[in-house]
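Numbering (the numbering used here), first residue to last: 1285 to 1865.
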């Protein structure tokens, strides 16, 4: 149980609590104006302080982690494992929880501050300790989807309006596995089987995601039968093997490009030599023919030419012709000498070009032979890259085949495992009938007390696992959903108190009584007081004074006897914190 809630600030109004029924009242005073309100007096703040000291992790700006409370330290005095501990936590240093008490009883050793010799725990360790002390949870859970302390404690101290909308959830849109596992744990059912079922659901979701990816086109290449893909895989493997042999015998020539350029240069030189030789040969033929036909004309031949024409040349002219003929003969002799010289020169040049052509051709043939038996580095890289692509395609194909097999085999395995697991859950469900009947009976008694009609706690086994529901016949009454939560929480506290360890308290915010008929509200408060006293747990609730159904209480029931603190709205001092913001 919780003995007290305090702070290190003088303005804070310490809350002292007792075993059994406890009420924190928010009252409107005579001096308060119409604009004053009971909201903001600190009822919900008290709940947040308790959660804060019991390991919650509010973010900055949320809950009580606000600048206005910077430097404040809150303390909750609570029983753990039969011993009393003072648990303190500072708004300025929320990562540490300072604990005073018999540490030898706690399952984890505390750290010690050197400056002041104070013992403290990290938030993680403190939550592990509280889970062990309040619910018997292992300090380190190795099971996926195990019940958690923070989720379990939230059924005994619901924090938000959403937490009072349905009995089986303590926040809106709570995960289905969290609902199943934690409620199964609290009701004494086999939560391990519920966790296994969730793991199986994850596997089914994985298979569904693979199918969806194929349908959406993200994995269209996965289409095709396993036989077709395996045939393609065999062909690729053979091609890879053949390419490996080619790469093993491939001779890489680093100077390939240089030799290739030299061979090309030799080809260009041979073409150049052939062109020059052809031109020289044509010129040689012309010079040879000119030298053969070049003959000088005589003076007599000229005179005969004129005589045939009937022209008689004088002696002076004949002598002149003799001189011209002599000159012309000299010219012809000189030209024939020139032609002979040119013929010899061209013959020598052609011979040299023939020799050079033969040498260049021989060098070129050698270069071409080298290129024929060796490959360039770039070609080797290209072949290597092509081989790598084939290997990648082969690996991708292997993954495709594995994926298809996983979908096919996984679907079959999932169906078998699900049936076996559901069979185990149903068998365990039957074996725990006494435990279920006790929970069902307590819920029915609580609801019948409020509405004079039995309520039903329904626990079914469906394809998805445990299915929980509560029904109260008078569902048309105002606030019926809140009272379902009330009856369920009261039943959980009764069950938990009979176990070896338990939180020892149940805290309800005034939200749970909003919209509830006055008669049912009175009965709920009376039932909480009676059940807490009889079962040995502590019930704490906050109320607004205008919600108290004094006229509907049974004779002898006085709510003032259970009121531990009255918060007022006449001034700041009347609030829990002694200040407003």
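Glycine included, each C-beta is placed from N, C-alpha and C at the ideal position.
Relative to the alpha-carbon of residue i, which residue among the options has its alpha-carbon at the smallest distance?
{"i": "residue 1809", "options": "1797, 1408, 1738 and 1489", "result": "1797"}
{"i": "residue 1820", "options": "1638, 1641 and 1303", "result": "1303"}
{"i": "residue 1381", "options": "1341, 1354 and 1353", "result": "1341"}
{"i": "residue 1619", "options": "1374, 1481 and 1572", "result": "1572"}
{"i": "residue 1735", "options": "1757, 1748 and 1715", "result": "1757"}
{"i": "residue 1844", "options": "1855, 1832, 1792 and 1815", "result": "1832"}
{"i": "residue 1767", "options": "1749, 1857, 1675 and 1802", "result": "1802"}
{"i": "residue 1723", "options": "1374, 1332 and 1469", "result": "1469"}
{"i": "residue 1787", "options": "1329, 1334 and 1328", "result": "1334"}
{"i": "residue 1835", "options": "1811, 1818, 1827 and 1805", "result": "1805"}
{"i": "residue 1770", "options": "1700, 1491, 1448 and 1847", "result": "1448"}
{"i": "residue 1631", "options": "1684, 1391, 1567 and 1374", "result": "1567"}
{"i": "residue 1629", "options": "1565, 1639 and 1647", "result": "1565"}
{"i": "residue 1720", "options": "1473, 1336 and 1349", "result": "1473"}
{"i": "residue 1514", "options": "1680, 1800 and 1327", "result": "1680"}
If you draw a straight line from the C-alpha of residue i to the C-alpha of residue j, how long is it?
{"i": "residue 1849", "j": "residue 1309", "result": "6 Å"}
{"i": "residue 1402", "j": "residue 1301", "result": "26 Å"}
{"i": "residue 1487", "j": "residue 1696", "result": "12 Å"}
{"i": "residue 1825", "j": "residue 1383", "result": "26 Å"}
{"i": "residue 1763", "j": "residue 1431", "result": "30 Å"}
{"i": "residue 1521", "j": "residue 1673", "result": "12 Å"}
{"i": "residue 1501", "j": "residue 1484", "result": "Unreliable placement is indicated for residue 1501, whose pLDDT of 45 sits below 50; no coordinate value is reported for it."}
{"i": "residue 1408", "j": "residue 1414", "result": "10 Å"}
{"i": "residue 1686", "j": "residue 1479", "result": "28 Å"}
{"i": "residue 1423", "j": "residue 1417", "result": "10 Å"}
{"i": "residue 1555", "j": "residue 1570", "result": "23 Å"}
{"i": "residue 1368", "j": "residue 1420", "result": "18 Å"}
{"i": "residue 1829", "j": "residue 1311", "result": "5 Å"}
{"i": "residue 1854", "j": "residue 1351", "result": "24 Å"}
{"i": "residue 1785", "j": "residue 1366", "result": "10 Å"}
{"i": "residue 1717", "j": "residue 1345", "result": "47 Å"}
{"i": "residue 1574", "j": "residue 1641", "result": "29 Å"}
{"i": "residue 1504", "j": "residue 1676", "result": "Note on residue 1504: pLDDT 48, under 50, position unreliable in the model; the coordinate value appears next. Each residue's Cα considered, the two are about 18 Å apart."}
In the DSSP assignment, find the unbroken alpha helix (DSSP H) run with residue i in it and report its ends.
{"i": "residue 1728", "result": "1717-1735"}
{"i": "residue 1415", "result": "1407-1419"}
{"i": "residue 1802", "result": "1802-1819"}
{"i": "residue 1465", "result": "1460-1470"}
{"i": "residue 1764", "result": "1764-1781"}
{"i": "residue 1426", "result": "Unbroken run through residue 1426: none, as it is neither H nor E."}
{"i": "residue 1302", "result": "Careful: residue 1302 lies outside any alpha helix (DSSP H) and carries neither H nor E."}
{"i": "residue 1332", "result": "1327-1337"}
{"i": "residue 1435", "result": "1433-1437"}
How far does the beta strand (DSSP E) with residue i in it reach, from first residue to last?
{"i": "residue 1822", "result": "1822-1828"}
{"i": "residue 1749", "result": "1749-1756"}
{"i": "residue 1793", "result": "It is not in any beta strand (DSSP E) - residue 1793 carries neither H nor E in the DSSP assignment."}
{"i": "residue 1310", "result": "1305-1311"}
{"i": "residue 1226", "result": "Only positions 1285 to 1865 of the chain appear in this structure, which leaves residue 1226 out of reach."}
{"i": "residue 1369", "result": "1367-1374"}
{"i": "residue 1852", "result": "1847-1852"}
In terms of DSSP beta bridges, what is residue i paired with?
{"i": "residue 1739", "result": "1756"}
{"i": "residue 1286", "result": "1362"}
{"i": "residue 1381", "result": "1405"}
{"i": "residue 1879", "result": "It is not possible to answer for residue 1879, since the shown part of the chain is limited to 1285 through 1865."}
{"i": "residue 1865", "result": "DSSP, once it has assigned bridges, lists no residue as partnering residue 1865."}
{"i": "residue 1440", "result": "In the DSSP output, where bridge partners are listed per residue, residue 1440 has none listed."}
Examine the ligand NAP and report whether any of its heavy atoms sits within less than 7 Å of the Cβ of residue i.
{"i": "residue 1742", "result": "This structure does not include the ligand NAP; it has no bound ligands of any sort."}
Task: At least 3 beta-carbon pairs within less than 8 Å: the stretch 1285-1292 vs the stretch 1361-1368 - done: yes
Task: Three-pair Cβ contact test at 8 Å for the stretch 1442-1454 versus the stretch 1784-1795 - done: A contact exists between the stretch 1442-1454 and the stretch 1784-1795.
- [ ] Report yes or no: do the stretch 1777-1788 and the stretch 1741-1754 share at least 3 C-beta pairs separated by less than 8 Å?
- [x] no
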